[in-house]
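So for the sequence shown, numbering that gives the first Met the number 0 puts the first residue at 0; every next one is plus one.
We treat Cβ as the ideally placed atom computed from N, Cα and C, and that holds for glycine.
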Amino acid sequence: MNVIEVLELSKHYGAKKAVDDISFAVEQGQVFGFLGPNGSGKTTTIGLLLGVINKTKGVIKLFESDDLDSARLRIGATLETPNFYPYLSGFENLKIVAKIKGASEKQIHNALELVGLSARAKSPFRTYSLGMKQRLALAAATLSNPDLVILDEPTNGLDPDGIRDVRQIIKRLADEGKTIFLSSHLLSEVEQVCTHVAVIKNGKLLKSGRVKDLVSRNPFALVRAEDNEKLRATLETYPETLSVSSEGDCVLAELKSENLSALNQFLAERGVFVSHLALRKKSLEEAFVEITQSLN
Ligand SMILES: Nc1ncnc2c1ncn2[C@@H]1O[C@H](COP(=O)(O)OP(=O)(O)OP(=O)(O)O)[C@@H](O)[C@H]1O
Ligand SMILES: [Mg+2]
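Written out as structure tokens, the structure is:
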């Protein structure tokens with residue numbers, strides 16, 4: 000099931016195209032990274048998904064429904080700067096959120112536990128460190144047990160310990176079966192946390208796919224043949240193949256070694272003659288740099 004589906008979505012501010020005709024889909028259970036440099040349109044996109052910013056044009060579907068108001072009740076989210084009352088404690092702040100979301104006191108305690116804030120729940124928010132503030136925002140986002148968790152740069156401003164903690168929280172949420180959509184300008188974060196990624200720059204979506212396909216240090220062979228079905232099946236029997244997927248009108252085979260002539264011979268001996276065969280070897284970092292530079 001598509002938890003998020005976005006079609007030709009745009010947000011213009013006068014002549015500025017903050018989000019420019021983007022389309023993507025997030026399936027249930029994915030940890031989807033929305034990766035882009037500063038000012039690329041990440042927060043704007045999240046604002047559009049949450050309905051706090053009005054779109055200029057395009058279609059948003061949530062949980063395969065056009066009834067976005069109802070669907071948004073199943074979302075827990077953090078936006079750029081968490082808004083809490085400084086003089087109230089973390090617990091009291093969550094009580095206010097719980098009232099709005101219809102969450103119980105037990106859910107407040109569970110959320111505080113999840114983010115590791117139980118011990119400091121009674122301290123005023125203004126005495127919290129940045130890391131603790133971020134955690135409280137995460138607690139607020141997960142309070143009513145949402146099916147979809149949307150996080151805007153959840154590790155922004157955190158030290159390495161804080162980053163590790165947030166990463167673990169995200170993993171726990173994913174293990175519970177929640178779908179997670181998070182924005183980041185950090186490749187390493189997306190590499191470590193996400194199953195899928197979309198790269199955005201200047202409001203345009205440049206690439207999306209499985210992180211595994213983009214980060215692998217293994218070589219890939221991009222292959223095309225008359226009969227791609229047969230090609231796929233044959234590639235799966237090749238001893239050097241690690242995984243097979245498709246990309247456009249080609250088949251992408253992840254290989255243990257980059258000997259393409261051996262692969263070509265293997266295919267030819269089984270009656271598969273390729274019309275295209277190319278090597279691809281890329282980390283997400285290289286891919287990201289290449290992708291984001293291609294637009295300059
Ligand atoms: N209310 C607004 N009015 C005019 N321009 C805006 C407005 N909000 C955002 N923009 C512009 O739209 C573009 C995208 O902004 P956005 O905040 O979505 O980027 P971002 O990817 O979240 O960046 P960052 O990583 O810095 O948070 C930027 O050029 C920004 O200046
Ligand atoms: Mg932002």
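Identify every residue that forms a DSSP beta bridge with residue i.
| i | result |
| --- | --- |
| Ala224 | Val273 |
| Phe23 | Val5 |
| Tyr127 | Answer is none; Tyr127 lacks a bridge partner. |
| His184 | Paired residues: none, contrary to the question. |
| Glu253 | Phe219, Ser242 |
| Thr77 | Leu150 |
| His195 | Phe31, Arg209 |
| Leu49 | In DSSP, Leu49 forms no bridge with anything. |
| Ser64 | Leu61 |
| Arg279 | Phe219 |
| His11 | Lys16 |
| Lys200 | Lys203 |
Sorted by chain position, which residues of the same chain lie with C-beta nearer than 6 Å to residue i's C-beta, five sequence neighbours on each side aside?
| i | result |
| --- | --- |
| Ser128 | none |
| Asp226 | none |
| Ser64 | Ala70 |
| Met297 | Nothing can be reported for residue 297, as the shown portion of the chain is limited to 0 through 295. |
Take the Cβ of residue i as the centre, count every other Cβ of all protein chains shown within 10 Å, and call the residue buried at 16 or more, exposed below.
| i | result |
| --- | --- |
| Glu104 | exposed |
| Arg296 | The shown model of the chain, from 0 to 295, leaves out residue 296, and the question about it has no answer. |
| Ala70 | buried |
| Val18 | buried |
| His275 | exposed |
| Phe272 | exposed |
| Glu268 | exposed |
| Lys10 | buried |
| Leu6 | exposed |
| Ala277 | exposed |
| Lys15 | exposed |
| Thr43 | buried |
| Glu112 | exposed |
| Ser207 | buried |
| Gly202 | buried |
As a quick exercise: from the options, pick the residue whose alpha carbon is nearest that of residue i.
| i | options | result |
| --- | --- | --- |
| Asp20 | Glu235, Ile59, His195 | Ile59 |
| Asn1 | Gly28, Lys15, Gly13 | Gly28 |
| Leu72 | Leu8, Leu254, Ile99 | Ile99 |
| Gly57 | Gly13, Gly32, Leu8 | Leu8 |
| Gly115 | Gly161, Glu228, Ser183, Ile95 | Gly161 |
| Lys101 | Asn144, His195, His184, Leu205 | In the sequence on display, residue 101 carries Gly and not Lys. Ranking the options by Cα distance to Gly101, first place goes to Asn144. |
| Leu47 | Glu257, Val222, Ile3, Ile169 | Ile3 |
| Lys200 | Val25, Asn37, Arg166 | Asn37 |
| Arg279 | Lys121, Leu254, Leu185 | Leu254 |
Going along the chain, which residues of its own chain have a beta-carbon closer than 7 Å to the beta-carbon of residue i, five neighbours each way excluded?
| i | result |
| --- | --- |
| Phe83 | Asn92, Phe124, Leu135 |
| Asn295 | Because the pLDDT at Asn295 is just 47, under 50, the model does not fix this residue reliably, and the value given afterwards should be weighed accordingly. Excluding sequence neighbours, Asn295 sits near nothing in its chain. |
| Leu172 | Thr141, Val148, Ile179 |
| Lys379 | For the chain, the structure presents residues 0 to 295; residue 379 sits outside this window and is missing. |
By Cβ distance below 8 Å, which residues in the same chain neighbour residue i in space, the five residues on each side in sequence not counted?
| i | result |
| --- | --- |
| Gly32 | Leu181, Ser182, Ser183, Glu188, Val189, Val192, Cys193, His195, Val196, Ala197, Val210 |
| Ser256 | Pro218, Glu239 |
Name all residues in chain order for which at least one heavy atom of ligand 1 lies closer than 6 Å to the residue's CB.
Tyr12, Lys15, Ala17, Gly35, Asn37, Gly38, Ser39, Gly40, Lys41, Thr42, Thr43, His184
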